[in-house]
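This report concerns only the one structure given below.
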Amino acid sequence: MKRGVIFDKDGTLLDFEAFWLPVTEGALNELAHKFCVSEQAVRAAEEKLGISCGRAERNGVLCAGTYAQMAEIVREVFSEYGTEAAEREMYREVCRAFEENMHRGEILPSSARLKDTLLALKKEDYRLFVATTDNAGITAACLQKLGIEGLFDGVYTDGAGYPAKPDPFIIDMIVKEHGAEREGLAMVGDTRTDLFFARRGRILGIGYAQNEREKRLLAPLADEVIGDFCELPRILERKIRVY
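Just so we're on the same page, our numbering is the position in the sequence shown counted from 1, plus 14.
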């Protein structure tokens, strides 16, 4: 049986806050300047996106949503502060602003053991995949900076024309295109969206959380919850049998 692991990117492979908080701050400030709204509008948008006290809520829109969802929040907030924009215009501007502020983020692995764990899984003949709501350009740059871009058999991103997580479309594609069986697949992610994705795709769902609060949040939906990547091979060995 072909075995595979699908990874979320942000917060799972990549340290979410080190990258996305400065990128988001830069993007929102740029959008506020373009649409002539106040700093209060920026703070309100941050709150609606799930940013509070310098932290990102793991199941907030910034962590678990899509660019379209973020654009709609920004559009609604800016409207409350006196500036109207069409949906398509705001979506285009949000995508552009995030792309242009990518340089502000620091690309760090979520775990010091990340690359070694991925290499160990490849050695055991696991096929590795990424499923993210981020766009292709930022995803490629992040994987390259982490030094892991060559380890994945497939990378599925926002804007490619298929439904975003938690729709199981990507899982179905992997099953069809890579000859994988659902019993041999696992999803590793740090949000409830990732685990709903696993459930809807009828595969093993492994939550990744680095503190007890987040572990408790993921536990009801997860088959297992890990706190460090070094735990992953052992969990997979126990949960996924080789035929």
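Here a beta-carbon is modelled for each residue, glycine too, at the ideal position from N, C-alpha and C. Computed from a prediction, not measured in an experiment: that's the story for all the values here.
DSSP state of residue i, grouped into three classes?
{"i": "Ala82", "result": "helix"}
{"i": "Tyr176", "result": "coil"}
{"i": "Gly221", "result": "strand"}
{"i": "Val202", "result": "strand"}
{"i": "Glu195", "result": "coil"}
{"i": "Ile185", "result": "helix"}
{"i": "Pro247", "result": "helix"}
{"i": "Thr171", "result": "strand"}
{"i": "Arg69", "result": "strand"}
When the Cα of residue i is compared with those of the options, which residue comes out closest?
{"i": "Lys258", "options": "Lys229, Tyr176, Ala155", "result": "A query on residue 258 cannot be resolved here, the shown segment of the chain reaching from 15 to 257 and no further."}
{"i": "Ala126", "options": "Asp29, Phe183, Glu228, Val19", "result": "Asp29"}
{"i": "Arg227", "options": "Ile240, Leu218, Phe183", "result": "Ile240"}
{"i": "Glu153", "options": "His47, Glu53, Thr26", "result": "Checking the sequence shown, residue 153 turns out to be Thr, not Glu. Ranking His47, Glu53, Thr26 by Cα distance to Thr153 puts Thr26 first."}
{"i": "Leu42", "options": "Leu35, Ser52, Val56, Cys50", "result": "Val56"}
{"i": "Ala100", "options": "Phe49, Asp181, Pro180, Gly164", "result": "Phe49"}
{"i": "Asp181", "options": "Phe166, Arg206, Ile121", "result": "Arg206"}
With residue i as the anchor, note down where its alpha helix (DSSP H) starts and where it stops.
{"i": "Gly161", "result": "No alpha helix (DSSP H) contains Gly161, which DSSP labels as neither H nor E."}
{"i": "Ala46", "result": "30-49"}
{"i": "Leu133", "result": "128-137"}
{"i": "Cys109", "result": "101-114"}
{"i": "Ala55", "result": "53-63"}
{"i": "Arg230", "result": "226-232"}
Just the C-alpha distance for residue i and residue j, rounded to the nearest angstrom, thanks.
{"i": "Tyr257", "j": "Ala174", "result": "The predicted position of Tyr257 is uncertain, since its pLDDT is 45 and thus under 50; no value can be drawn from it."}
{"i": "Leu246", "j": "Gln158", "result": "22 Å"}
{"i": "Glu191", "j": "Ile20", "result": "14 Å"}
{"i": "Gly203", "j": "Arg89", "result": "28 Å"}
{"i": "Phe86", "j": "Glu61", "result": "Here residue 86 turns out to be Glu, not Phe, going by the sequence shown. The straight-line gap from Cα to Cα measures roughly 14 Å."}
{"i": "Asp237", "j": "Ser52", "result": "45 Å"}
{"i": "Lys179", "j": "Thr146", "result": "8 Å"}
{"i": "Gly164", "j": "Phe143", "result": "11 Å"}
Would you mind sorting residue i into buried or exposed? The rule is 16 or more other CB atoms within 10 Å of its CB.
{"i": "Asp148", "result": "buried"}
{"i": "Asn225", "result": "exposed"}
{"i": "Gly161", "result": "exposed"}
{"i": "Glu251", "result": "exposed"}
{"i": "Ala111", "result": "buried"}
{"i": "Tyr176", "result": "exposed"}
{"i": "Cys109", "result": "buried"}
{"i": "Cys67", "result": "exposed"}
{"i": "Ala223", "result": "buried"}
{"i": "Glu98", "result": "exposed"}
{"i": "Leu133", "result": "exposed"}
{"i": "Ala70", "result": "buried"}
{"i": "Glu120", "result": "exposed"}
{"i": "Glu31", "result": "buried"}
Which stretch, first to last residue, makes up the beta strand (DSSP E) that contains residue i?
{"i": "Asp148", "result": "140-149"}
{"i": "Glu238", "result": "238-240"}
{"i": "Ile20", "result": "17-21"}
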